[in-house]
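This report concerns only the one structure given below.
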Amino acid sequence: MKILASIWLVMMLFLSKSVARGFHQTHQSVNNILLPSSTAFGYSKLRYFKSAVTVATSSSSEVEATSRSSFVDEYNSSENKVDNSSRAWATRALLFSSSSDGLEKSRRATEFLKESLVQTMAVKLQKQTEQSLRASVINSPCAGPDIELLNQLEHLDEAIGSNTSSPSDCVLQNILATQEKKMLQLRIVYIPTAMYALRADSNNSAGKQRQRARADGKKRRNSLVSVVQSLFVNKDVEVLAVTLDLNDGSVKQPFSTGDSSNFPQNGADALQSWEPHLIYVEGGNTFWLQHCMDKGMWTSRIISACTGPNAAVYCGKSAGAIVAGSTVETATWKGWDDPSIVPGMERYVDWAAFPGMNLLGNVCLFPHMSEEWETTVAEKTKELQQTNCKVYALREWDVCLVEGEKQLVTVVNDEDRCS
């Protein structure tokens with residue numbers, strides 16, 4: 039009886055701790071809600087608003103408080119207020135026009151990406167450890183919870199708790215210390231569907247276009263893996279990547295920097311049970327990408343994978359950035375993408391106010407911004423005023439950083455470019 043009482047007491051303590059942790063996380067997320075950043079392409083004046091940049095890994099609490107205060111004051115005017123209470127924000131996202139000129143050249147963006155990946159690796163590992171611990175209690179009620187797993191979970195809690203004040207390298211080291219020399223896995227789902235769209239003006243056959251697109255996609259995917267690897271040099275992190283085509287749901291080109299063969303068999307597994315840490319949506323034809331997302335019902339899966347406490351980091355380049363916004367209508371403004379590839383949606387007018395994934399509130403993205411598009415953007419944004427949609431016009435070197443728990447959007451630009 040004494041043994042059973044001891045087991046019952048340990049189980050109750052564990053469950054109490056889990057409930058307390060869940061309450062603390064929920065309470066913390068509610069208290070940190072903020073409106074989008076003022077670094078945006080505004081309606082009233084054709085200019086870029088600039089505000090202080092807030093990223094937890096590199097800014098002091100004093101600078102962070104100043105940034106939030108100034109940006110909340112600026113958004114108190116009625117024209118800038120947006121009701122996003124019912125929208126699911128991406129937990130962490132990076133949206134940009136160009137990877138080589140934007141993401142890879144911005145020190146602030148790469149720091150944000152690294153911090154976000156460390157955070158999602160820690161949270162997913164914490165969830166996995168909790169599940170294993172619960173299983174140990176259920177499978178062996180007489181033996182009680184696995185003490186080794188219980189100790190590991192406590193150390194993970196401490197490591198994750200230090201994430202708000204410690205640099206990402208320190209947090210990563212604390213997490214690795216709990217793994218007893220086991221390598222952490224960092225799983226990437228690369229989605230090149232937009233660049234797989236066939237071009238009516240091409241002299242090549244459909245078969246040759248597909249072959250060329252797949253080869254180019256693999257090259258870009260490998261470049262992405264190299265970028266991620268460079269963030270974790272000399273760290274015990276194994277990078278795994280797969281290519282997912284939303285047109286047919288196929289998963290191809292599995293890659294690992296280690297010996298792991300743990301790869302998903304299909305698209306649903308890739309986005310759900312495989313629990314990726316990074317979902318990267320490539321640029322190309324926005325209309326084809328949105329069409330494939332809709333016909334395969336991938337939109338809800340991607341939203342589910344990129345929102346909530348156990349979310350993957352979302353990276354959207356060009357078309358991948360547009361579909362993350364509140365509407366994909368901005369893809370019609372330049373006339374670059376051909377809508378005729380989508381049956382029944384062959385005209386630009388068919389895509390007016392067509393909804394996106396709403397991963398950053400009532401905001402839509404206009405990538406590849408330059409001086410030649412200033413008049414067009416000024417005219418088109420006036421048409422969107424009735425929907426209270428805000429337009430973020432991203433130049434080649436701009437990167438839009440999204441922190442969903444704070445409902446905070448920040449655009450970093452050429453002032454922060456790496457040498």
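For the sequence shown, this note's numbering gives the first residue as 39, with consecutive numbering after it. All residues carry an ideal CB built from backbone N, CA and C; glycine is no exception. Keep in mind the model is a prediction, meaning the values are calculated, not measured.
Query, Result
"Classify ASP239: buried if its beta carbon has 16 or more other beta carbons within 10 angstroms, exposed otherwise.", "exposed"
"Locate the beta strand (DSSP E) running through LEU236, then write down its first and last residues.", "Unbroken run through LEU236: none, as it is neither H nor E."
"Compare the Cα-Cα distances from LYS256 to each of TRP312, TYR234, MET335 and report the closest residue.", "TYR234"
"Cα separation between PRO230 and TYR386?", "23 angstroms"
"How close, in whole Å, do the beta carbons of GLY399 and GLN328 come, if the pair is a contact with beta carbons under 8 angstroms?", "Contact flag wrong, Cβ pair sits at about 19 angstroms."
"My parser needs the beta strand (DSSP E) runs of 3 or more residues fully inside the stretch 281-312; what are they?", "288-294"
"Quick check on the DSSP output: the alpha helix (DSSP H) that includes THR413 runs from which residue to which?", "412-421"
"So, is SER457 buried or exposed, given that buried needs 16 or more other C-beta atoms within 10 angstroms?", "In this predicted model, SER457 has a pLDDT of only 48, less than 50, meaning its place in the structure is not dependable enough to derive any value."
"Would you mind giving the Cβ-Cβ distance between CYS427 and THR365, rounded to the nearest angstrom? I have them listed as a contact below 8 angstroms.", "6 angstroms"
"Does ARG433 come out as helix, strand or coil in the three-state DSSP assignment?", "coil"
"For CYS402, report the span of its beta strand (DSSP E) as first-last.", "401-405"
"For ASN451, count the other beta carbons within 10 Å of its own beta carbon; 16 or more makes it buried, fewer makes it exposed. Which is it?", "buried"
"Please say whether ALA126 and VAL351 have beta carbons closer to each other than 8 angstroms?", "no"
"Starting from GLN249 and walking both ways along the alpha helix (DSSP H), at which residues does that stretch end?", "244-269"
"With DSSP as the reference, label ALA279 as helix, strand or coil.", "strand"
"Suppose you measure from the CA of LEU53 to the CA of LYS372; what does that come to, to the nearest Å?", "Interpretation of LEU53 is limited by its pLDDT of 49, a score under 50 that renders its predicted location unreliable; no figure is taken from the coordinates."
"Please classify ASP286 as buried or exposed, where buried requires at least 16 neighbouring CB atoms within 10 angstroms.", "exposed"
"So which of LEU278, ASP274, LEU155 has the shortest CA-CA distance to SER298?", "LEU278"
"GLY394 and ILE360 look like a contact to me (Cβ under 8 angstroms); what is the Cβ gap, rounded to whole Å?", "7 angstroms"
"Can the beta-carbon of LEU316 be found closer than 8 angstroms to that of SER135?", "no"
"If you count every other CB in all the chains shown that lies within 10 Å of the CB of SER138, and 16 or more means buried, which is it?", "exposed"
"Look up CYS353 in the DSSP assignment and give the residues it is bridged to.", "LEU132, TYR318"
"Report the residue from GLU313, ARG259, PRO381 whose alpha carbon sits nearest the alpha carbon of THR281.", "ARG259"
"Determine the closest residue to THR295 out of GLU441, ARG145, THR448, GLN267, with distance taken between C-alpha atoms.", "GLN267"
"Once you ignore the five residues that flank SER107 on each side, which residues in its own chain have a CB closer than 6 angstroms to its CB?", "Because SER107 carries a pLDDT of 30, less than 50, the predicted location of this residue cannot be relied on, and the following value inherits that uncertainty. Cβ neighbours of SER107 beyond the five flanking positions: none."
"For VAL156, which three-state DSSP category applies?", "helix"
"So, under 8 angstroms CB-CB, VAL437 and SER154 are touching, yes? Tell me the CB distance rounded to an integer number of Å.", "That pair is no contact at about 12 angstroms."
"Using the C-alpha atoms, what's the distance from LEU269 back to TRP374?", "34 angstroms"
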